[in-house]
Every structure is written in structure tokens, then in C-alpha cells.
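Accompanying notes for the structure given below.
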Amino acid sequence: MTSRENHEDTVAFLEKNNYFGYDKKSVVIFTQSELPLVDVEGKLLINKDKKIKEASDGNGGTYSSLRKSGCLADMKEKGIKWIFIGSVDNALLKMVDITLLGMAMKQGVQIASKSVVKANPNERVGVFCRMNGHPKVIEYTELPPKMAQEVDENGELKYGESHIMCNLYTIDAIEKVSTEHLMYHSAFKKNSYIDENGKEVIPEEPNSYKFESFIFDAFEFFDDIAILRGSREDDFAPVKNKEGVDSPKTAKELYEKYWQRQ
Numbered sequence: 002m003t004s005r006e007n008h009e010d011t012v013a014f015l016e017k018n019n020y021f022g023y024d025k026k027s028v029v030i031f032t033q034s035e036l037p038l039v040d041v042e043g044k045l046l047i048n049k050d051k052k053i054k055e056a057s058d059g060n061g062g063t064y065s066s067l068r069k070s071g072c073l074a075d076m077k078e079k080g081i082k083w084i085f086i087g088s089v090d091n092a093l094l095k096m097v098d099i100t101l102l103g104m105a106m107k108q109g110v111q112i113a114s115k116s117v118v119k120a121n122p123n124e125r126v127g128v129f130c131r132m133n134g135h136p137k138v139i140e141y142t143e144l145p146p147k148m149a150q151e152v153d154e155n156g157e158l159k160y161g162e163s164h165i166m167c168n169l170y171t172i173d174a175i176e177k178v179s180t181e182h183l184m185y186h187s188a189f190k191k192n193s194y195i196d197e198n199g200k201e202v203i204p205e206e207p208n209s210y211k212f213e214s215f216i217f218d219a220f221e222f223f224d225d226i227a228i229l230r231g232s233r234e235d236d237f238a239p240v241k242n243k244e245g246v247d248s249p250k251t252a253k254e255l256y257e258k259y260w261q262r263q
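This is the structure we're talking about:
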């Protein structure tokens, strides 16, 4: 799944690298949906084309985009039973985790996910929990600091199972949530816009809200999911920052160390 901004670059990159050995006919690329951007007063931003400015609607848009693009129907026609959805910002993500698949089948669930233990209470990752009797993930930006610090009787963090965007679904589960409306989360971002005089404004500070749905919000539509705890060394090499911790450099180092151990 690509966004409107990176679609052409992504396709060109895959073409240049011969789809990394995959059969081109077996690679389907589709674009996710978008939502309008609004300023602090709730007014819509306007782009250079004098149209409402929009941005990608978050990874929660994967479900509806699979349906709208025809990919879901294509998978059903091909007899696909299980669908794995992973994220590009984890260099150690296993795209086909047979252990996770086996656990999901054994437990008879429609969704399974993999986790790693949080490195510390302030690590920027969503965490698993249960809310109103249903599985849920709370994003790090929405977890109160006091709750993030809580520990259980064993001294482990109560909210310490990190969601690492390693999710497995039955195709029926995907079909079910593809027509559901997930909640929207807001993020305060810097976005350029055209003002009332027709001039482009490029802000130096965050000036507008982007709305996103998160892929794990669909978990709430099910009674249970299976969670397999992995190891940070084998399963998690995140890319969240340009430099420093969780950057391309550190992800590359973790990736190389993983293969050196194999």
C-alpha cells in the first residue's frame, strides 16, 4: 500500500530493483485513502491546486483500501485464507511468520499479533490491553504517563507488550472490518497551504491537524486475539527518527546483527 505522495517513487524503486526477485505479476500495489487537513480554527487547508488539502488517513485505512482497490476480492478469488499486514518501519519484521500462524490456528482466533517487551516506560510504541472486554492497543501518545509507569506484582510493566505492527488476519476478519468506521486520531503537524490572498504559506511550527485511523483499532470488533511475544533482537528494528535512537542507522545495525547470528 502506498500513499499518493510516494506511489510513483515506490513503483519506480521496485521496477529499478526488479521487484527484488519476485514475479512482477504477483505484486499488487494500491493507494490508501486520504482525509482533509484543518487548521487550529477548524478551517480546511487549501493546496496549490486550489483544492482541499488532504493527507493519508493512517494505517487503519488499509482495510477499506484493500476493499475499494479490488485487492480483497482478488484474494478471495484466489482462495487466500490468511492475510499478513506488516509495516515498512520495522526492518526485522517477518512477513510470513509460521509460528504466529500456527498459534492463531491452534487457538481458533481470527487475528493474531506479535509483541516485544517495552524497553522502558517511555518508549514510543503502542501497547496491548483489554478495554470493555475487547482487545485493544493504546498508542503511546494517548497513554497517560502515570499508567505507562505502572507495574504488576512481578515488577513488570502492566502495559508493557508493544505492538510492533506484525498482524495476521483471516480473510473473513479483513472483510468484516473493511466496512467498519474506525475512530480518528489527530496529530498536530506542519503543513503548507494557500492563504486567502493566494500565497503559499510554509509554517515553521505545527499549524494543522491530520486525522488518522490506526490499524489496531479494528481489534475492538473481535472478542479475542492471540499475542505471541517475540524478542527485540529477532523481531524489532524500528525506524522512527532521522538520526539517533530508532533511526535508519540503528535499524541497519540490528538487521546485520540478526543475520550474523543465523
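Residue numbers for the sequence shown follow our numbering, so the first one is 2 and each next one is one higher. Just so it is clear, CB atoms sit at the ideal spot from N, CA and C, and this is done for glycine as well.
- Between residue 169 and residue 218, the C-beta gap is not smaller than 7 Å, which leaves the two residues out of contact.
- Residue 255 is positioned such that its CB atom lies no closer than 7 Å to that of residue 115.
- As summarised for the segment 46–79, the continuous alpha helix (DSSP H) elements at least 4 residues long and confined to that stretch are 63–70 and 72–78, given in chain order.
- Taking each of 105, 70 and 93 in turn and checking the Cα distance to residue 82, the smallest one comes out for 105.
- Short of 7 Å from the beta carbon of residue 102, and not among the five residues preceding or following it, lie these beta carbons of its own chain, in chain order: 83 and 169.
- Taking 7 Å as the cut-off, the beta carbon of residue 158 is found closer than this to the beta carbon of residue 119.
- Restricting attention to 226, 237 and 244, the CA atom closest to the CA of residue 110 is found in 226.
- Secondary structure at residue 176: helix, using DSSP grouped into helix, strand and coil.
- Between the segment 27–36 and the segment 67–86, the count of Cβ pairs shorter than 8 Å is three or higher; the stretches touch.
- With respect to the C-alpha of residue 43, the residue from 162, 36, 209 and 240 having the closest C-alpha is 209.
- In terms of CA proximity to residue 156, 122 leads the group 171, 173, 174 and 122.
- Look at residue 40 here: in three-state DSSP terms it is strand.
- Here residue 2 is buried. Its C-beta has 16 or more other C-beta atoms within 10 Å.
- The C-beta distance from residue 205 to residue 59 rounds to 25 Å, too long to meet the 8 Å contact threshold.
- In this structure, 175 is the residue among 48, 162 and 175 with its C-alpha nearest to the C-alpha of residue 76.
- Residue pairing of residue 239 in beta bridges, as defined by DSSP: 91.
- With 16 or more other Cβ atoms inside 10 Å of its own Cβ, residue 54 counts as buried.
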